[in-house]
Amino acid sequence: NAGVTQTPKFQVLKTGQSMTLQCAQDMNHEYMSWYRQDPGMGLRLIHYSVGAGITDQGEVPNGYNVSRSTTEDFPLRLLSAAPSQTSVYFCASRRLPGELFFGEGSRLTVL
Amino acid sequence: QQQVKQSPQSLIVQKGGISIINCAYENTAFDYFPWYQQFPGKGPALLIAIRPDVSEKKEGRFTISFNKSAKQFSLHIMDSQPGDSATYFCAATYNTPLVFGKGTRLSVIA
Numbered sequence: 014n015a016g017v018t019q020t021p022k023f024q025v026l027k028t029g030q031s032m033t034l035q036c037a038q039d040m041n042h043e044y045m046s047w048y049r050q051d052p053g054m055g056l057r058l059i060h061y062s063v064g065a066g067i068t069d070q071g072e073v074p075n076g077y078n079v080s081r082s083t084t085e086d087f088p089l090r091l092l093s094a095a096p097s098q099t100s101v102y103f104c105a106s107r108r109l110p111g112e113l114f115f116g117e118g119s120r121l122t123v124l
Numbered sequence: 246q247q248q249v250k251q252s253p254q255s256l257i258v259q260k261g262g263i264s265i266i267n268c269a270y271e272n273t274a275f276d277y278f279p280w281y282q283q284f285p286g287k288g289p290a291l292l293i294a295i296r297p298d299v300s301e302k303k304e305g306r307f308t309i310s311f312n313k314s315a316k317q318f319s320l321h322i323m324d325s326q327p328g329d330s331a332t333y334f335c336a337a338t339y340n341t342p343l344v345f346g347k348g349t350r351l352s353v354i355a
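As given, the protein sequences belong to chains A and B, one line each in that order.
Residues in the first sequence are numbered consecutively from 14, following our numbering.
Residues in the second sequence are numbered consecutively from 246, following our numbering.
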């Protein structure tokens, strides 16, 4: 039972480059979300989706795009990476409110 | 605007002692208060949760105490063990995306 799978686990980008963080879940959860974790800042919501074709912004959406074409996948796109986007990114899904299942994270460094 | 305030930022406890982490919230509409545990290099995982219709919930060595009038809730870890060393996050929701506290790094030393 894979749960929530994130790829890649580690990535180094140069300023201005673009990339996509992949997230897939096999629990048939309608709700999926992306958080970033920075030291002393906790977990901050970037974007979330309540089902295929529906996305919404969280607390820190600037610089990130998402789409949700299937129930299983929720990719996070960085169009033009900036050093401020250096962080650990977590994808999570849920069946019930408050009961999130997190992936193991993607550590991104932007030089 | 931070809706859930968590303290302390870090905590060192002797093995066998009691670890206490506190959280305060502002939005009285919140109706579900989970705690998440995160080990280094891993994603957070749901540890225990409470709804505001009860004042306490216990699961093994972990207990949530909830004070609705004060808009506060806390996590107590009894008989703390080195394996409990992790970062703990409180959170709150009312069928909205979870709002997390900033986390508490707990170190249990022998």
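Note that CB positions come from ideal geometry on N, CA and C, so glycine has one too.
Counting Cβ pairs closer than 8 angstroms, one from the region 276-289 of chain B and one from the region 109-123 of chain A, do we hit at least three? yes
One question on the structure: do S100 of chain A and D69 of chain A come within less than 7 angstroms of each other, judged by their Cβ atoms? Your numbering for residue 100 of chain A matches position 87 in the first sequence. Your numbering for residue 69 of chain A matches position 56 in the first sequence. With contacts defined as CB atoms closer than 7 angstroms, S100 of chain A and D69 of chain A fail to qualify as a contacting pair.
Hey, quick one: how far does the beta strand (DSSP E) through V353 of chain B stretch, first residue to last? As a first step, residue 353 of chain B must be located in the second sequence, where it is residue number 108. Counting along the chain, the beta strand (DSSP E) containing V353 of chain B begins and ends at T349 to I354.
How would you list, in chain order, the residues of chain B whose beta-carbon sits under 8 angstroms from the beta-carbon of E112 of chain A? Taking the first sequence and counting its residues from 1, one reaches residue 112 of chain A at position 99. Neighbours of E112 of chain A on chain B, chain order: P279, L291 and A294.
With H, G and I counted as helix, E and B as strand and the rest as coil, what does DSSP make of Q251 of chain B? The residue you call residue 251 of chain B lines up with position 6 of the second sequence. The answer is strand: DSSP assigns Q251 of chain B an E or B state.
Quick check: what's the CA-CA separation for Q38 of chain A versus R107 of chain A? Along the first sequence, read from residue 1 onward, the residue named residue 38 of chain A stands at position 25. Along the first sequence, read from residue 1 onward, the residue named residue 107 of chain A stands at position 94. Using only the alpha carbons, I get a separation of about 10 angstroms.
Any chain A beta carbon closer than 7 angstroms to T338 of chain B: Here the question's residue 338 of chain B lines up with position 93 in the second sequence. Yes, T338 of chain B counts as interfacial toward chain A.
Whose CA, out of B:G305, B:K287 and B:T332, lies closest to the CA of V17 of chain A? Residue 17 of chain A sits at position 4 when you count from the first residue of the first sequence. Sorting B:G305, B:K287 and B:T332 by C-alpha distance to the C-alpha of V17 of chain A places B:K287 at the top.
For N78 of chain A, which residues from the same chain have a beta carbon less than 6 angstroms from its beta carbon, with the 5 sequence-adjacent residues on both sides left out? The residue you call residue 78 of chain A lines up with position 65 of the first sequence. Only R90 meet the Cβ criterion.
Does the beta-carbon of L124 of chain A have 16 or more other beta-carbons within 10 angstroms, so that it is buried, or is it exposed? Taking the first residue of the first sequence as 1, we reach residue 124 of chain A at position 111. Exposed.
Sorted by chain position, which residues of the same chain lie with C-beta nearer than 8 angstroms to T33 of chain A's C-beta, five sequence neighbours on each side aside? Position 20 of the first sequence, counted from the start, is the residue given in the question as residue 33 of chain A. Answer for T33 of chain A: P88, L89, R90 and L91, listed in chain order.
State the CB to CB distance for the pair L291 of chain B and F307 of chain B, rounded to an integer number of angstroms; the pair is presumed to be in contact (CB under 8 angstroms). Numbered from 1 along the second sequence, position 46 holds the residue referred to as residue 291 of chain B. Numbered from 1 along the second sequence, position 62 holds the residue referred to as residue 307 of chain B. Contact flag wrong, Cβ pair sits at about 11 angstroms.
Whose Cβ in chain B lies nearer than 7 angstroms to the Cβ of L58 of chain A? For the purposes of this step, residue 58 of chain A is taken as residue 45 along the first sequence, with counting starting at 1. Ordered by position in chain B, the residues that pass the 7 angstroms Cβ test against L58 of chain A are P342.
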